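**Student:**
Residue numbers (this note's numbering), protein chains in the order written: chain A, 1 to 457; chain B, 1001 to 1490.
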């Protein structure tokens, strides 16, 4: 137990970046607000570097509520780098916007909340992390102040507020029964109370993960919000929420017969199935991607469900989250680059910009889980964890869903290679897309070098 | 050096990413395929016996998966056949302008195919297995004809489902043996004391491989995929990709799950026999020449399953070894002959724009070279002595019937009727399409030089194997004996 503020250096860097960026924006002319973007991106990259350095130190606990372990370290790196990519994606549309600096500050604060979600080892930290991760998200969803954006923000906010209440109730219940909010003190609680509290707590965390039954906001926000924001809210908060669930399952609910594992298993299967089936006939690529992200959350919930039963669970979740973040950002970056949001609008992309078409194909096939992309290695670990943890039916469900998902990803790939006329893509977003596709393949091939880092400790 | 054989085509494909390489695409493709073939021949010449040219590197140590490759008498002939077939496809495609992406896709497929046959790690095997599906999807969807989008989608969904079931089986093997390494798993077969678990894993692995082989009743993706694929794509699909399934049985299912293979040997034999008879009978009813060839593939792959199933019977090891040798020879022979047949069908489509035997006729009058090539390929495919098909099928039937079990003799005898039906249907096609009065769709002119140069070497190799098979069998027989002794373990 330490109270060394340096342990929170990555978080402090992000917070500092948000505040400095906001102040810089406030004192800069409208056309010079780009400085804030650079400050934010630099803070995020610095935070990622600091997180990597922190991973070299032994595991521990800061302020008795902030776990420092591979879970925290990996989520820190993933969230910081993913948010940095989103800042670059957002830059083009936001340039010259009167509230440009605020956009970056909000992104950084939401990322900060996500980190807290992943590292929380205390119910009160979990609740405040939930709020910090959510509230900037509501503002981001409605950032454009247009009709769809407002609707998205309202829906997002109402769902978040509605599901935050049961979460608070669950925390209250557990605190009342155990007399403490630290995870370590909750583990031996009576099964009845703990089971009710677990369900109540799940409401909030599943909302952040975008999983069934708290998924209704995902398609509307993805469609209504600016594309960079959509990429952010479907990628970054998921990482934190899944890590929080893994921690809750491993330290509090997973041990005794609370029915935690079967419950999460069912949630996982429902999430992936509903996401995949709903994605079938979407003609708007943003909605298609939104449902795809729901399905992906379902796959990632599988190792969460077997946490504690299999040694593969933690590396499986961490690798999957990292792989998914890279691949999903790549797909969103393609949408941002082309500026076309319908499937029909994607025709002729291969002719106009072969590199972008290849990047999209790699990302979409990556989301399916085709080797040698990163998601394949992640899925492999997920399947191994499910089988190893004594739930082979979860592995079968993942496989069946993967086949289903192939259909709608191919629906998108096909027009890309058809003849037609596509517009000139945005070079920065295209660069991000190509980099994400390349990273996805490199991560997949280099999985062996990365996974041991995730299972230390 | 084996890694070089695997990745040389991919490196050549990367060249196409450079600008201004579009005009030289065909030449680069042929050069790369020829160089790869030369390397494969060198690999064969320096093969020391046992597992040769082995490389073993760590890849994902968390699940003990590695980059483990090597060749033996089972994989070497298939690698060589793959290189030959891809070179022939490259030469065949030189008859017209070749687009960069088309050449790159085929080079990518070549890397994937060679890599699959060289893989000695389940995960590596699966990676190549899955990528072959992706590559072929783009070949069919991009350059096919007819209802290609639908055929390509059906092909992808169907075989992708198979590959994922296969992955489940591989994960089962991993859970049983705590490693993905084929050599390690073969040494200590997983689930030796848990027959129920072994049966489930064999079911998953078997279904996964059977979709690709394809075995009846999981073959329904094959006819549309073949019919709508471009000629070179069909040749590769039938010649190389189908072998992946059959090869997987011999490489993975048999040595790793010997107990289950013995217990369910009769199921495998029945599935093989069903493929032999069903494939032949349905082929007999086809008017579409390309569909007909596709169904004869189902028939020929049935022989392989029949032989591999017989290897699991409780019988003396000599006939079982003969059957496995026959199966491996059949893989090579079928690759050469079906490749040639599909390229011939490609020439027909190019000239007449139809595969319909009712509209074709009298091709011999206008295209004697094409007729000669087609006749030779057809005779090889129906198992005429002097061609490779005979060597393969003779060994298979001698092995299956030689086991001496009454039921196996019946199975063998039923299988021989498959040859009879195939003979009838090929003679019928020769009669209707190539001989007889001219049809409404003319085939003119005769084969041009790239076409002849692509089809003739395949048939020449088939004749060489048919007349002097020793050089090939010397390589195959030791590994057949090894497989039989592995599958014969209690």
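Glycine included, every Cβ here is placed at the ideal spot set by N, Cα and C.
Predicted model only: the values in this text are computed from it and were never measured.
Is residue 1341 of chain B near the ligand SAM, with its Cβ less than 7 Å from a heavy atom?
**Tutor:** Judged by which ligands are present, the structure shown has none, so any question about the ligand SAM falls away.
**Student:** Use the C-beta contact count for residue 32 of chain A: other C-beta atoms within 10 angstroms, 16 or more gives buried, fewer gives exposed.
**Tutor:** Against the first chain, residue 32 of chain A aligns to sequence position 32. Label assigned to residue 32 of chain A: exposed.
**Student:** Residue 182 of chain A bridges to which residues according to DSSP?
**Tutor:** For the purposes of this step, residue 182 of chain A is taken as the residue at position 182 of the first chain. Answer by DSSP bridge pairing, in chain order: A:122.
**Student:** Using the C-alpha atoms, what's the distance from residue 1127 of chain B back to residue 1301 of chain B?
**Tutor:** Against the second chain, residue 1301 of chain B aligns to sequence position 301. Against the second chain, residue 1127 of chain B aligns to sequence position 127. About 23 Å.
**Student:** Residue 1351 of chain B and residue 1444 of chain B: beta carbons closer than 8 Å?
**Tutor:** Within the second chain, the letter at position 351 stands for residue 1351 of chain B. Within the second chain, the letter at position 444 stands for residue 1444 of chain B. Yes, they are a contact pair.
**Student:** Hey, is the stretch 106 to 117 of chain A in contact with the stretch 134 to 141 of chain A, meaning 3+ C-beta pairs nearer than 8 Å?
**Tutor:** Yes: the two stretches touch, three or more of their Cβ pairs being nearer than 8 Å.
**Student:** Residue 1058 of chain B CB to nearest chain A CB: under 8 Å?
**Tutor:** Position 58 of the second chain holds residue 1058 of chain B. Yes, residue 1058 of chain B lies at the interface with chain A (some Cβ there is under 8 Å from its Cβ).
**Student:** Check whether the Cβ of residue 456 of chain A lies closer than 8 Å to any Cβ atom in chain B.
**Tutor:** Counting from 1 along the first chain, the entry for residue 456 of chain A is found at position 456. With a pLDDT of 46 at residue 456 of chain A, under the threshold of 50, the predicted position of this residue should be treated as unreliable, though the coordinate-derived value follows. No, no contact with chain B.
**Student:** Does residue 1264 of chain B come out as helix, strand or coil in the three-state DSSP assignment?
**Tutor:** As a working note, residue 1264 of chain B is residue 264 in the second chain. Residue 1264 of chain B: coil per DSSP, three-state reduction.
**Student:** Residue 310 of chain A by DSSP, collapsed to three states: which one?
**Tutor:** By 1-based counting over the first chain, the position of residue 310 of chain A is 310. Strand, per DSSP.
**Student:** Using three-state DSSP, classify residue 1329 of chain B as helix, strand or coil.
**Tutor:** Position 329 of the second chain, counted from the first residue, corresponds to residue 1329 of chain B. Residue state, collapsed to three classes: helix.
**Student:** Using only the alpha-carbon positions, how far apart do residue 315 of chain A and residue 238 of chain A sit?
**Tutor:** Mapped onto the first chain, residue 315 of chain A falls at position 315. Mapped onto the first chain, residue 238 of chain A falls at position 238. Cα to Cα, the separation comes out at about 16 Å.
**Student:** Bridge partners for residue 342 of chain A per DSSP, in chain order?
**Tutor:** Here residue 342 of chain A refers to the residue found at position 342 of the first chain. Bridge partners of residue 342 of chain A: A:284.
**Student:** How would you write the range of the beta strand (DSSP E) that residue 1489 of chain B sits in, first residue to last?
**Tutor:** Here residue 1489 of chain B refers to the residue found at position 489 when the second chain is read from its first residue. Per DSSP, residue 1489 of chain B belongs to no beta strand (DSSP E) and is neither H nor E.
**Student:** So, helix, strand or coil for residue 364 of chain A, using DSSP?
**Tutor:** As a first step, residue 364 of chain A is located in the first chain; it is residue number 364 there, counting from the start. The answer is helix: DSSP assigns residue 364 of chain A an H, G or I state.
**Student:** Counting pairs of beta carbons, one from the stretch 1052 to 1065 of chain B and one from the stretch 1009 to 1018 of chain B, are three or more of them closer than 8 Å?
**Tutor:** Not touching, per the Cβ criterion.
**Student:** Per DSSP, what kind of secondary structure is residue 1057 of chain B in: helix, strand or coil?
**Tutor:** By one-based count along the second chain, residue 1057 of chain B stands at place 57. It is a strand residue.
**Student:** Give me the chain A residues within the contact set of residue 1174 of chain B, using Cβ-Cβ distance strictly less than 7 Å, ordered along the chain.
**Tutor:** Taking the first residue of the second chain as 1, we reach residue 1174 of chain B at position 174. By Cβ distance, chain A contributes 384.
**Student:** Just to confirm, are residue 1121 of chain B and residue 1171 of chain B a CB contact at a threshold of 8 Å?
**Tutor:** Taking the first residue of the second chain as 1, we reach residue 1121 of chain B at position 121. Taking the first residue of the second chain as 1, we reach residue 1171 of chain B at position 171. No. Outside cutoff.
**Student:** In chain order, which beta strand (DSSP E) runs of at least 3 residues are fully inside the stretch 1013 to 1074 of chain B?
**Tutor:** Segments of the beta strand (DSSP E) lying fully in the stretch 1013 to 1074 of chain B: 1052 to 1060 and 1065 to 1071.
**Student:** Does residue 35 of chain A have its Cβ less than 8 Å from a Cβ in chain B?
**Tutor:** Along the first chain, one-based indexing puts residue 35 of chain A at 35. No - not a single Cβ of chain B is within 8 Å of the one on residue 35 of chain A.
**Student:** Any idea what DSSP makes of residue 66 of chain A, helix, strand or coil?
**Tutor:** For the purposes of this step, residue 66 of chain A is identified with residue 66 of the first chain, where counting begins at 1. Strand, per DSSP.
**Student:** Is residue 1003 of chain B closer than 8 Å to residue 1069 of chain B when the C-beta atoms are compared?
**Tutor:** In the second chain, residue 1069 of chain B corresponds to position 69, counting from 1. In the second chain, residue 1003 of chain B corresponds to position 3, counting from 1. Contact flag set, yes.
**Student:** Taking buried to mean at least 16 other C-beta atoms within 10 Å of its own C-beta, is residue 1334 of chain B buried or exposed?
**Tutor:** Here residue 1334 of chain B refers to the residue found at position 334 when the second chain is read from its first residue. By the neighbour-count rule (16 or more Cβ atoms within 10 Å), residue 1334 of chain B is buried.
**Student:** Could you tell me whether any Cβ in chain B is nearer than 8 Å to the Cβ of residue 508 of chain A?
**Tutor:** Given a span of 1 to 457 for chain A in the structure shown, any question on residue 508 of chain A remains unanswerable.
**Student:** In the DSSP assignment, find the unbroken alpha helix (DSSP H) run with residue 276 of chain A in it and report its ends.
**Tutor:** As a working mapping, residue 276 of chain A is identified with position 276 in the first chain. Per DSSP, residue 276 of chain A belongs to the alpha helix (DSSP H) from 260 to 279.
**Student:** Report yes if the CB atom of residue 1140 of chain B is closer than 8 Å to the CB atom of residue 1090 of chain B, and no otherwise.
**Tutor:** Your numbering for residue 1140 of chain B matches position 140 in the second chain. Your numbering for residue 1090 of chain B matches position 90 in the second chain. For residue 1140 of chain B and residue 1090 of chain B, no; Cβs fall outside 8 Å.
**Student:** Candidates B:1192, B:1432, B:1381 and B:1067: which alpha carbon is nearest residue 1420 of chain B's?
**Tutor:** Taking the second chain and counting its residues from 1, one reaches residue 1420 of chain B at position 420. It is B:1381.
**Student:** Could you check if residue 176 of chain A is buried or exposed, using at least 16 other CB atoms within 10 Å of its CB as the buried criterion?
**Tutor:** Residue mapping note: residue 176 of chain A aligns to position 176 of the first chain, counting from 1. With fewer than 16 Cβ atoms within 10 Å of its Cβ, residue 176 of chain A is classed as exposed.
**Student:** Quick one: Cα of residue 462 of chain A to Cα of residue 1085 of chain B, how far?
**Tutor:** Only positions 1 to 457 of chain A appear in this structure, which leaves residue 462 of chain A out of reach.
**Student:** Considering just the uninterrupted stretch of the alpha helix (DSSP H) at residue 1147 of chain B, what are its terminal residues?
**Tutor:** Position 147 of the second chain, counted from the first residue, corresponds to residue 1147 of chain B. Unbroken run through residue 1147 of chain B: none, as it is neither H nor E.
**Student:** Per DSSP, what kind of secondary structure is residue 1001 of chain B in: helix, strand or coil?
**Tutor:** By 1-based counting over the second chain, the position of residue 1001 of chain B is 1. Residue 1001 of chain B falls in the coil class under three-state DSSP.
**Student:** Taking 8 Å as the cut-off, decide whether the C-beta atoms of residue 440 of chain A and residue 326 of chain A are in contact.
**Tutor:** As a position in the first chain, residue 440 of chain A is number 440, starting the count at 1. As a position in the first chain, residue 326 of chain A is number 326, starting the count at 1. Their beta carbons are under 8 Å apart, which means residue 440 of chain A touches residue 326 of chain A by this criterion.
**Student:** Residues in the same chain with beta-carbon distance under 7 Å from residue 210 of chain A, minus the five sequence neighbours each way, listed in chain order, please.
**Tutor:** Here residue 210 of chain A corresponds to residue number 210 of the first chain, with the count starting at 1. Taken in chain order, the residues that qualify are 218, 234, 238, 293, 294 and 297.
**Student:** Which residues in chain A have a C-beta closer than 7 Å to the C-beta of residue 1130 of chain B? List them in chain order.
**Tutor:** Along the second chain, read from residue 1 onward, the residue named residue 1130 of chain B stands at position 130. Neighbours of residue 1130 of chain B on chain A, chain order: 370 and 371.
**Student:** With a threshold of 8 Å between beta-carbons, can residue 283 of chain A be considered close to chain B, or not?
**Tutor:** Counted from its first residue, the first chain places residue 283 of chain A at position 283. Not an interface residue.
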